[in-house]
Amino acid sequence: MRANLYHRVVVLLLMVVLGLPVAATLLYSLSSRWGATILPDGLTLSWYLTLWQDPRFLAAFGNSLAICIGTLVLGTLLIVPAAFVVFYRFPSLAKWMNLLILIPFAVPPVVSSVGLLQLYADGPLAMVGTPWILVGCYFTVALPFMYRALANTLGTMNLHDLMDAAHLLGASTGRAFLLVILPNLKKSLMASLFLSFSFLLGEFVFANILVGTRHETLQVYLYSIRQTSGHFTSAVVLSYFAFTLALTWLAARLGKSDRGA
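Numbered according to our numbering, the sequence shown spans residues 1385 to 1645.
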(Lines of atoms letter the chains of each structure in order from A and count residues from 1; the text may use other names and numbers.)
(Lines give C-alpha, C1' and ligand atoms only; values in the text may rest on other atoms or scores of the structure.)
Protein backbone atom coordinates (compact mmCIF):
# COMPACT_ATOMS: atom_id res chain seq x y z
CA MET A 1 0.00 0.00 0.00
CA ARG A 2 2.80 2.41 0.91
CA ALA A 3 4.69 1.61 -2.31
CA ASN A 4 1.53 2.10 -4.36
CA LEU A 5 0.83 5.43 -2.63
CA TYR A 6 4.42 6.54 -3.17
CA HIS A 7 4.23 5.78 -6.89
CA ARG A 8 0.95 7.64 -7.23
CA VAL A 9 2.37 10.68 -5.45
CA VAL A 10 5.48 10.70 -7.66
CA VAL A 11 3.42 10.45 -10.84
CA LEU A 12 1.04 13.16 -9.60
CA LEU A 13 3.93 15.50 -8.77
CA LEU A 14 5.49 14.86 -12.16
CA MET A 15 2.21 15.67 -13.92
CA VAL A 16 1.86 18.88 -11.89
CA VAL A 17 5.42 19.98 -12.69
CA LEU A 18 4.94 19.29 -16.40
CA GLY A 19 1.43 20.67 -16.57
CA LEU A 20 1.85 23.94 -14.69
CA PRO A 21 3.83 25.78 -17.42
CA VAL A 22 1.34 24.66 -20.07
CA ALA A 23 -1.62 25.68 -17.91
CA ALA A 24 -0.05 29.07 -17.14
CA THR A 25 0.64 29.69 -20.83
CA LEU A 26 -2.91 28.69 -21.71
CA LEU A 27 -4.36 31.02 -19.09
CA TYR A 28 -2.13 33.86 -20.28
CA SER A 29 -3.20 33.31 -23.89
CA LEU A 30 -6.86 33.55 -22.79
CA SER A 31 -6.44 36.62 -20.60
CA SER A 32 -7.44 40.05 -21.80
CA ARG A 33 -5.09 41.70 -19.32
CA TRP A 34 -2.86 40.25 -16.63
CA GLY A 35 -0.92 42.72 -14.54
CA ALA A 36 0.07 42.61 -10.89
CA THR A 37 -2.78 40.34 -9.77
CA ILE A 38 -2.55 36.59 -9.24
CA LEU A 39 -5.35 35.88 -11.71
CA PRO A 40 -6.07 37.70 -14.99
CA ASP A 41 -8.50 40.58 -15.10
CA GLY A 42 -10.64 38.90 -17.75
CA LEU A 43 -10.76 36.06 -20.27
CA THR A 44 -11.08 36.36 -24.03
CA LEU A 45 -10.61 34.38 -27.24
CA SER A 46 -9.61 37.45 -29.21
CA TRP A 47 -5.94 36.47 -29.36
CA TYR A 48 -6.78 33.14 -30.98
CA LEU A 49 -9.27 34.75 -33.34
CA THR A 50 -6.65 37.30 -34.37
CA LEU A 51 -4.05 34.58 -34.80
CA TRP A 52 -6.12 32.28 -37.00
CA GLN A 53 -7.20 35.23 -39.15
CA ASP A 54 -3.62 36.36 -39.68
CA PRO A 55 -2.60 35.55 -43.29
CA ARG A 56 1.07 35.58 -42.34
CA PHE A 57 0.55 32.95 -39.63
CA LEU A 58 -1.55 30.76 -41.91
CA ALA A 59 1.10 30.99 -44.63
CA ALA A 60 3.90 30.14 -42.19
CA PHE A 61 1.93 27.22 -40.78
CA GLY A 62 1.17 25.95 -44.28
CA ASN A 63 4.83 26.27 -45.27
CA SER A 64 5.91 24.25 -42.25
CA LEU A 65 3.36 21.52 -42.98
CA ALA A 66 4.32 21.30 -46.64
CA ILE A 67 8.05 21.13 -45.92
CA CYS A 68 7.64 18.54 -43.17
CA ILE A 69 5.33 16.34 -45.21
CA GLY A 70 7.60 16.59 -48.26
CA THR A 71 10.58 15.62 -46.12
CA LEU A 72 8.83 12.60 -44.67
CA VAL A 73 7.62 11.42 -48.08
CA LEU A 74 11.19 11.67 -49.38
CA GLY A 75 12.48 9.91 -46.26
CA THR A 76 9.98 7.07 -46.63
CA LEU A 77 10.86 6.54 -50.30
CA LEU A 78 14.60 6.44 -49.59
CA ILE A 79 15.12 5.17 -46.04
CA VAL A 80 12.66 2.24 -46.03
CA PRO A 81 14.18 0.51 -49.11
CA ALA A 82 17.70 1.36 -47.91
CA ALA A 83 17.11 -0.23 -44.50
CA PHE A 84 15.66 -3.33 -46.16
CA VAL A 85 18.62 -3.67 -48.56
CA VAL A 86 21.12 -3.27 -45.72
CA PHE A 87 19.55 -5.98 -43.56
CA TYR A 88 18.70 -8.35 -46.41
CA ARG A 89 21.56 -8.02 -48.88
CA PHE A 90 24.44 -6.27 -47.10
CA PRO A 91 24.26 -6.90 -43.33
CA SER A 92 27.93 -5.93 -43.02
CA LEU A 93 26.92 -2.33 -43.83
CA ALA A 94 24.72 -2.10 -40.73
CA LYS A 95 27.59 -0.89 -38.54
CA TRP A 96 28.45 1.83 -41.06
CA MET A 97 24.84 2.94 -41.19
CA ASN A 98 24.84 3.20 -37.40
CA LEU A 99 27.79 5.58 -37.69
CA LEU A 100 26.19 7.52 -40.54
CA ILE A 101 23.01 8.28 -38.62
CA LEU A 102 25.09 9.80 -35.80
CA ILE A 103 26.50 12.53 -38.06
CA PRO A 104 23.44 14.85 -37.74
CA PHE A 105 23.92 14.75 -33.96
CA ALA A 106 27.69 15.20 -34.14
CA VAL A 107 27.61 18.30 -36.37
CA PRO A 108 25.73 21.27 -34.83
CA PRO A 109 23.00 22.79 -37.06
CA VAL A 110 24.73 26.19 -36.97
CA VAL A 111 27.94 24.69 -38.38
CA SER A 112 26.00 22.77 -41.04
CA SER A 113 24.07 25.89 -41.99
CA VAL A 114 27.25 27.91 -42.53
CA GLY A 115 28.64 25.22 -44.80
CA LEU A 116 25.40 24.96 -46.75
CA LEU A 117 25.34 28.73 -47.22
CA GLN A 118 28.76 28.51 -48.86
CA LEU A 119 27.70 25.65 -51.14
CA TYR A 120 24.21 26.69 -52.22
CA ALA A 121 24.18 30.48 -52.01
CA ASP A 122 24.92 30.82 -55.72
CA GLY A 123 25.94 28.78 -58.74
CA PRO A 124 23.90 26.18 -60.60
CA LEU A 125 22.35 24.91 -57.34
CA ALA A 126 21.37 28.19 -55.70
CA MET A 127 18.82 26.88 -53.22
CA VAL A 128 19.35 29.19 -50.25
CA GLY A 129 16.07 30.93 -49.51
CA THR A 130 13.98 28.16 -51.09
CA PRO A 131 12.07 25.36 -49.36
CA TRP A 132 14.12 22.74 -51.23
CA ILE A 133 17.18 23.29 -49.10
CA LEU A 134 15.06 22.83 -45.99
CA VAL A 135 13.71 19.54 -47.32
CA GLY A 136 17.28 18.31 -47.76
CA CYS A 137 18.33 19.50 -44.29
CA TYR A 138 15.24 18.10 -42.62
CA PHE A 139 15.87 14.77 -44.35
CA THR A 140 19.19 14.46 -42.52
CA VAL A 141 17.44 15.36 -39.26
CA ALA A 142 14.73 12.71 -39.76
CA LEU A 143 17.18 10.04 -40.97
CA PRO A 144 18.32 8.82 -37.51
CA PHE A 145 14.77 8.57 -36.14
CA MET A 146 13.39 6.72 -39.14
CA TYR A 147 16.32 4.40 -39.78
CA ARG A 148 16.75 3.43 -36.12
CA ALA A 149 13.05 2.56 -35.74
CA LEU A 150 13.08 0.48 -38.93
CA ALA A 151 16.38 -1.18 -38.01
CA ASN A 152 15.01 -2.27 -34.63
CA THR A 153 12.06 -3.96 -36.31
CA LEU A 154 14.11 -5.54 -39.11
CA GLY A 155 16.63 -6.82 -36.57
CA THR A 156 13.94 -8.75 -34.69
CA MET A 157 12.21 -10.02 -37.82
CA ASN A 158 12.99 -13.36 -39.47
CA LEU A 159 13.71 -11.41 -42.61
CA HIS A 160 15.46 -14.08 -44.67
CA ASP A 161 12.92 -16.77 -43.71
CA LEU A 162 10.03 -14.52 -44.74
CA MET A 163 11.70 -13.64 -48.04
CA ASP A 164 12.56 -17.29 -48.75
CA ALA A 165 8.97 -18.32 -48.07
CA ALA A 166 7.69 -15.60 -50.39
CA HIS A 167 10.13 -16.68 -53.12
CA LEU A 168 8.97 -20.30 -52.78
CA LEU A 169 5.42 -19.10 -53.36
CA GLY A 170 6.50 -17.40 -56.58
CA ALA A 171 6.85 -13.79 -55.45
CA SER A 172 9.68 -11.63 -56.71
CA THR A 173 11.91 -9.78 -54.26
CA GLY A 174 10.13 -6.48 -54.88
CA ARG A 175 6.69 -8.02 -54.51
CA ALA A 176 7.73 -9.84 -51.35
CA PHE A 177 9.02 -6.59 -49.91
CA LEU A 178 5.78 -4.75 -50.65
CA LEU A 179 3.35 -7.47 -49.55
CA VAL A 180 5.23 -9.21 -46.74
CA ILE A 181 7.95 -7.02 -45.24
CA LEU A 182 6.39 -3.57 -45.56
CA PRO A 183 3.21 -4.45 -43.59
CA ASN A 184 5.42 -5.68 -40.74
CA LEU A 185 7.22 -2.32 -40.75
CA LYS A 186 4.01 -0.28 -40.62
CA LYS A 187 3.94 0.26 -36.87
CA SER A 188 7.59 1.33 -36.51
CA LEU A 189 7.36 3.44 -39.66
CA MET A 190 4.30 5.32 -38.46
CA ALA A 191 5.84 5.91 -35.04
CA SER A 192 9.03 7.29 -36.60
CA LEU A 193 7.04 9.48 -39.00
CA PHE A 194 5.00 11.08 -36.21
CA LEU A 195 8.09 11.56 -34.05
CA SER A 196 10.03 13.10 -36.93
CA PHE A 197 7.12 15.33 -37.90
CA SER A 198 6.77 16.71 -34.37
CA PHE A 199 10.52 17.33 -34.21
CA LEU A 200 10.76 18.95 -37.65
CA LEU A 201 7.77 21.20 -37.03
CA GLY A 202 9.71 22.77 -34.17
CA GLU A 203 13.04 23.09 -36.00
CA PHE A 204 14.35 26.66 -36.04
CA VAL A 205 18.09 26.91 -36.78
CA PHE A 206 18.10 25.63 -40.37
CA ALA A 207 14.90 27.50 -41.22
CA ASN A 208 16.11 30.81 -39.79
CA ILE A 209 19.63 30.77 -41.25
CA LEU A 210 19.00 29.19 -44.66
CA VAL A 211 15.56 30.58 -45.50
CA GLY A 212 14.46 33.17 -42.95
CA THR A 213 11.44 35.23 -43.96
CA ARG A 214 11.83 34.41 -47.67
CA HIS A 215 9.85 31.22 -47.07
CA GLU A 216 8.74 31.72 -43.50
CA THR A 217 8.05 28.69 -41.34
CA LEU A 218 6.12 28.51 -38.08
CA GLN A 219 9.19 28.78 -35.83
CA VAL A 220 10.60 31.72 -37.78
CA TYR A 221 7.21 33.41 -37.50
CA LEU A 222 7.17 32.79 -33.76
CA TYR A 223 10.66 34.23 -33.43
CA SER A 224 9.74 37.34 -35.42
CA ILE A 225 6.73 38.18 -33.21
CA ARG A 226 8.49 37.56 -29.89
CA GLN A 227 8.55 41.28 -29.08
CA THR A 228 4.85 41.82 -29.74
CA SER A 229 2.06 41.01 -27.29
CA GLY A 230 2.88 38.17 -24.92
CA HIS A 231 -0.77 37.07 -25.08
CA PHE A 232 -0.54 36.70 -28.84
CA THR A 233 2.75 34.80 -28.60
CA SER A 234 1.23 32.47 -26.01
CA ALA A 235 -1.66 31.80 -28.39
CA VAL A 236 0.85 30.78 -31.08
CA VAL A 237 2.67 28.47 -28.67
CA LEU A 238 -0.55 26.85 -27.45
CA SER A 239 -1.79 26.35 -31.01
CA TYR A 240 1.48 24.62 -31.88
CA PHE A 241 1.28 22.54 -28.70
CA ALA A 242 -2.32 21.52 -29.40
CA PHE A 243 -1.45 20.45 -32.93
CA THR A 244 1.50 18.37 -31.69
CA LEU A 245 -0.70 16.85 -28.97
CA ALA A 246 -3.29 15.90 -31.58
CA LEU A 247 -0.58 14.18 -33.63
CA THR A 248 0.59 12.27 -30.56
CA TRP A 249 -2.98 11.16 -29.82
CA LEU A 250 -3.44 10.07 -33.42
CA ALA A 251 -0.19 8.06 -33.31
CA ALA A 252 -1.36 6.36 -30.10
CA ARG A 253 -4.72 5.53 -31.66
CA LEU A 254 -3.06 4.05 -34.72
CA GLY A 255 -0.81 1.98 -32.48
CA LYS A 256 -3.82 0.60 -30.58
CA SER A 257 -5.68 -0.20 -33.79
CA ASP A 258 -2.62 -2.07 -35.10
CA ARG A 259 -2.41 -4.13 -31.89
CA GLY A 260 -6.12 -4.82 -32.03
CA ALA A 261 -5.84 -6.02 -35.61
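Note that beta-carbon positions come from the ideal geometry of N, C-alpha and C, so glycine has one too. Bear in mind that the values here come from a model prediction, so they are computed numbers and not experimental data.
Residue i, DSSP secondary structure in three states
{"i": "Ser1608", "result": "helix"}
{"i": "Phe1496", "result": "First, the amino acid is wrong: residue 1496 is Ser here, not Phe. Correct three-state label for Ser1496: helix."}
{"i": "Gly1554", "result": "coil"}
{"i": "Phe1588", "result": "coil"}
{"i": "Pro1567", "result": "helix"}
{"i": "Gly1507", "result": "coil"}
{"i": "Ser1448", "result": "helix"}
{"i": "Val1512", "result": "coil"}
{"i": "Gln1437", "result": "coil"}
{"i": "Phe1474", "result": "coil"}
{"i": "Ile1656", "result": "Any property of residue 1656 remains undetermined from this structure, which presents the chain solely from 1385 to 1645."}
{"i": "Ile1453", "result": "helix"}
{"i": "Ser1613", "result": "coil"}
{"i": "Thr1421", "result": "coil"}
{"i": "Thr1628", "result": "helix"}
{"i": "Thr1409", "result": "helix"}
{"i": "Thr1597", "result": "helix"}
For residue i, the residue or residues it bridges with in DSSP
{"i": "Leu1427", "result": "Ser1415"}
Cβ-Cβ separation, residue j to residue i (assumed contact under 8 Å), whole Å
{"i": "Met1574", "j": "Ala1635", "result": "7 Å"}
{"i": "Thr1601", "j": "Ser1608", "result": "Rounded, the Cβ-Cβ distance is 11 Å, inconsistent with contact."}
{"i": "Thr1632", "j": "Tyr1522", "result": "Going by Cβ atoms, the distance from Thr1632 to Tyr1522 rounds to 19 Å, so no, they are not a contact pair."}
{"i": "Ser1623", "j": "Leu1435", "result": "7 Å"}
{"i": "Phe1583", "j": "Val1519", "result": "The pair is not a contact, with the Cβ atoms about 15 Å apart (cut-off 8 Å)."}
{"i": "Val1491", "j": "Leu1501", "result": "With 8 Å as the limit, Val1491 and Leu1501 do not qualify as a contact, their Cβ atoms being about 14 Å apart."}
{"i": "Phe1588", "j": "Ser1497", "result": "Not confirmed; about 11 Å, so no contact."}
{"i": "Leu1562", "j": "Val1464", "result": "Not really, about 11 Å apart at Cβ, beyond 8 Å."}
Local Cβ density within 10 Å of residue i, reported as buried at 16 or more and exposed below that
{"i": "Gly1459", "result": "buried"}
{"i": "Thr1480", "result": "Looking at the sequence shown, residue 1480 is not Thr but Trp. Exposed, by the Cβ-count rule."}
{"i": "His1551", "result": "exposed"}
{"i": "Gln1437", "result": "exposed"}
{"i": "Ala1535", "result": "buried"}
{"i": "Ser1476", "result": "exposed"}
{"i": "Met1530", "result": "buried"}
{"i": "Tyr1390", "result": "exposed"}
{"i": "Pro1508", "result": "exposed"}
{"i": "Ser1556", "result": "exposed"}
{"i": "His1544", "result": "exposed"}
Element boundaries [alpha helix (DSSP H), containing residue i]
{"i": "Phe1489", "result": "1487-1490"}
{"i": "Trp1516", "result": "1515-1540"}
{"i": "Leu1484", "result": "1478-1484"}
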